[in-house]
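K.L.:
Take a look at this one; I'll ask things after.
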Amino acid sequence: MKAYCERQGLSMRQIRFRFPINETDTPAQLEMEDEDTIDVFQQQTGGVY
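All you need for this note's numbering is the position in the sequence shown, starting with 1, plus 1014.
Structure, rendered in structure tokens:
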């Protein structure tokens, strides 16, 4: 998570990962394989009523 945010210039407060992941997890620790992906979404607050 931290490495992704640094590469993308984002704060960890701005995003949400749709995967059970911790800040310091590596792909090897998560047993990920080539071509595996993790969906990342920017957090949005507020909205139109």
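Cβ coordinates follow ideal geometry from the N, Cα and C atoms, glycine included. As the structure is a prediction and not an experimental result, all values here were calculated from the model.
Compute the Euclidean distance between the alpha carbons of Arg1030 and Tyr1018, then round it to the nearest angstrom.
P.N.:
Against the sequence shown, residue 1030 aligns to sequence position 16. Against the sequence shown, residue 1018 aligns to sequence position 4. Cα-Cα distance, rounded: 12 Å.
K.L.:
Check for me: the beta strand (DSSP E) holding Gln1056 runs from which residue to which?
P.N.:
One-based indexing of the sequence shown puts residue 1056 at position 42. Gln1056 -> beta strand (DSSP E) spans 1054-1056.
K.L.:
Taking DSSP as the reference, what is the three-state secondary structure of Arg1021?
P.N.:
Against the sequence shown, residue 1021 aligns to sequence position 7. The answer is helix: DSSP assigns Arg1021 an H, G or I state.
K.L.:
Just to confirm before moving on: does the CB-CB distance between Thr1040 and Lys1016 stay below 8 Å?
P.N.:
Counting from 1 along the sequence shown, the entry for residue 1040 is found at position 26. Counting from 1 along the sequence shown, the entry for residue 1016 is found at position 2. No, they are not a contact pair.
K.L.:
Please report how far the alpha carbon of Leu1024 lies from the alpha carbon of Thr1059, in whole angstroms.
P.N.:
By 1-based counting over the sequence shown, the position of residue 1024 is 10. By 1-based counting over the sequence shown, the position of residue 1059 is 45. If I take the Cα positions, the gap works out to 16 Å.
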